[in-house]
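Colleague:
Numbering (our numbering), first residue to last: 5 to 96.
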């Protein structure tokens with residue numbers, strides 16, 4: 005996992021909207037594009053960035069591609085962000 009890739013992927017508002025929608029569970033690309041209100045080509049671009057950052061997994065079922073959050077990467081990001089705060093209780 006690359007923190008830089010994750011933070012770069014999350015810097016875009018459209019990708020944050022995608023992440024928030026994926027919190028609800030798996031969704032196919034057509035329904036996701038319709039929900040967000042962007043073209044399938046634009047969605048593909050954003051999903052590519054999210055997949056490269058390992059934030060999103062894809063699976064195929066029949067003629068559809070489904071996307072879902074990769075919660076393990078989000079957990080690692082939370083641990084990293086928490087470490088940035090430091091331990092306030094141990095500061096002099």
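We treat Cβ as the ideally placed atom computed from N, Cα and C, and that holds for glycine. As the structure is a computational prediction, the values presented were derived from the model and not from experiment.
Suppose you measure from the CA of residue 70 to the CA of residue 58; what does that come to, to the nearest Å?
Modeller: Counting from 1 along the chain shown, the entry for residue 70 is found at position 66. Counting from 1 along the chain shown, the entry for residue 58 is found at position 54. When rounded, the distance between both Cα atoms is 15 angstroms.
Colleague: In angstroms with no decimal places, state the Cα-to-Cα distance between residue 40 and residue 28.
Modeller: Taking the first residue of the chain shown as 1, we reach residue 40 at position 36. Taking the first residue of the chain shown as 1, we reach residue 28 at position 24. Using only the alpha carbons, I get a separation of about 14 angstroms.
Colleague: In the DSSP assignment, find the beta strand (DSSP E) that holds residue 64 and state where it starts and stops.
Modeller: In the chain shown, residue 64 corresponds to position 60, counting from 1. Residues 60–65.
Colleague: Going by beta carbon distance, what residues of the same chain come within less than 6 angstroms of residue 61, once the five residues before and after it are set aside?
Modeller: As a working mapping, residue 61 is identified with position 57 in the chain shown. 72, 74.
Colleague: With 16 other CB atoms within 10 Å as the buried threshold, where does residue 19 fall?
Modeller: Residue 19 sits at position 15 when you count from the first residue of the chain shown. So residue 19 counts as buried.
Colleague: In the DSSP assignment, find the unbroken beta strand (DSSP E) run with residue 80 in it and report its ends.
Modeller: Taking the chain shown and counting its residues from 1, one reaches residue 80 at position 76. Element bounds for residue 80: not the beta strand (DSSP E) but the alpha helix (DSSP H), 75–89.
Colleague: Report back the beta-carbon spacing between residue 36 and residue 25 to the nearest angstrom; my notes put them in contact at under 8 angstroms.
Modeller: For the purposes of this step, residue 36 is taken as the residue at position 32 of the chain shown. For the purposes of this step, residue 25 is taken as the residue at position 21 of the chain shown. Going by Cβ atoms, the distance from residue 36 to residue 25 rounds to 6 angstroms, so yes, they are a contact pair.
Colleague: Relative to the alpha-carbon of residue 13, which residue among 79, 64, 54 has its alpha-carbon at the smallest distance?
Modeller: Counting from one through the chain shown, the residue named residue 13 turns up at place 9. Taking only the C-alpha atoms, the option nearest residue 13 is 54.
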